[in-house]
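Chemist:
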Amino acid sequence: MLPPININKWIEENKSLLQPPVGAKLLYTDIDSTFVVMIVGGPNQRTDYHVNETDEFFYQFKGDMILKIVDKDDTFRDIYIREGETFILPGNTPHSPQRYKDTIGLVLEKKRGPENIDKLLWFCDNKDCRKLLFSRSFHVDDLDLGKQLTPVINEFYGNEEHRTCKHCNHISQKPSVNDHIK
C-alpha cells in the first residue's frame with residue numbers, strides 16, 4: 376500500500392513533466408490498484424478524441440478546462456469544467472480534453488484489463504464536415520496512458536494522408552498550444 380500523497384507538493388516537484396502533447400503524469404504507480412490516477416497539466420496540443428470503455432472522473436484542481444465530446448447522437452459539444460469542479464464522463468464517449476496554460480487537473484480512470492480496447496479518433500476540423508479522418512485502436516498495457524497516446528498522436532500528424540478528409544479534401548493541421556479558453 377502506498378502512503379498518502381500531498382498533491383500540492385507533488386505538483387510542484389513534477390511540474391516540468393506535465394508537457395504537451397498530452398501533459399499527463401501518473402500520481403500513483405501501484406500496479407495492484409484498480410485505478411489509474413493522473414495529474415494533467417496545461418497547455419496541451421490535442422485534437423484527437425479519446426474513447427475509453429469505462430467512465431472517467433475529472434477534477435479540475437487549478438484553472439478551467441474544456442472537455443470536447445461527441446454525444447451518442449453524433450453531436451459535438453463542449454463541457455466546461457471550472458476550477459474546483461468535478462465531472463464524470465460516461466464510458467465510450469469520445470472526448471478531447473482542452474487544457475490551457477497553468478491549468479492542472481486530476482483524472483481517475485479504471486485500470487484496463489486485457490479485454491479493454493482504447494481508441495483515438497480524429498474528425499475533420501472543417502465545421503461543415505466533421506467526418507471521421509483517422510482512428511487507431513490500442514490496448515493500454517501500461518499504467519502510463521500519456522506515454523501510449525503520444526506515438527499515435529505523432530503518427531496522425533506525421534502523415535498528411537491521415538489528416539486529409541476524403542469527403543471535403545480539407546487538411547487538418549497540427550494544433551498550436553492554447554494559453555487560455557477562447
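Heads up: the sequence shown at position 45 corresponds to 420 in the working numbering, and the numbers run straight through without jumps. All C-beta atoms in this analysis are idealised placements derived from N, C-alpha and C, irrespective of residue type, glycine included.
According to DSSP, residue 415 sits in a beta bridge with which residue or residues?
Modeler: DSSP, once it has assigned bridges, lists 399 and 480 as partnering residue 415.
Chemist: Between the beta-carbon of residue 495 and the beta-carbon of residue 511, is there less than 7 Å?
Modeler: Yes; because the gap between Cβ atoms is below 7 Å, this pair is in contact.
Chemist: Can you check which of these residues, 547, 452, 515 and 525, is closest to residue 410 by C-alpha distance?
Modeler: Nearest C-alpha to residue 410: 515.
Chemist: Hey, how far is the Cα of residue 480 from the Cα of residue 534?
Modeler: Spanning the two alpha carbons is a distance of roughly 31 Å.
Chemist: Which residues in the same chain as residue 545 place their Cβ atom closer than 8 Å to its Cβ, once the five residues preceding and following it in sequence are excluded?
Modeler: Once the five neighbours on either side are set aside, the close Cβ partners of residue 545 are 499, 500, 501, 504 and 539.
Chemist: Have a look at 423, 389, 399 and 488 and flag the residue whose alpha-carbon is nearest the alpha-carbon of residue 532.
Modeler: The option with the nearest alpha carbon to residue 532 is 423.
Chemist: Taking only the alpha-carbon atoms, compute the straight-line gap between residue 471 and residue 451 and give it to the nearest angstrom.
Modeler: Roughly 11 Å between the two C-alpha positions.
Chemist: Following the continuous alpha helix (DSSP H) through residue 394, name the residue where it begins and the one where it ends.
Modeler: Premise fails: residue 394 is in no alpha helix (DSSP H) and is neither H nor E.
Chemist: I need the straight-line Cα distance from residue 527 to residue 458, nearest angstrom please.
Modeler: The straight-line gap from Cα to Cα measures roughly 30 Å.
Chemist: Could you round the C-beta distance between residue 537 and residue 513 to whole angstroms and report it? I think they count as a contact, below 8 Å.
Modeler: With 8 Å as the limit, residue 537 and residue 513 do not qualify as a contact, their Cβ atoms being about 15 Å apart.
Chemist: Rounded to whole angstroms, what is the Cα-Cα separation between residue 394 and residue 529?
Modeler: Going by the C-alpha atoms only, they are around 15 Å apart.
Chemist: Given a cut-off of 7 Å, decide if residue 401 and residue 519 are closer than it, judged by their beta-carbon atoms.
Modeler: Yes, they are a contact pair.
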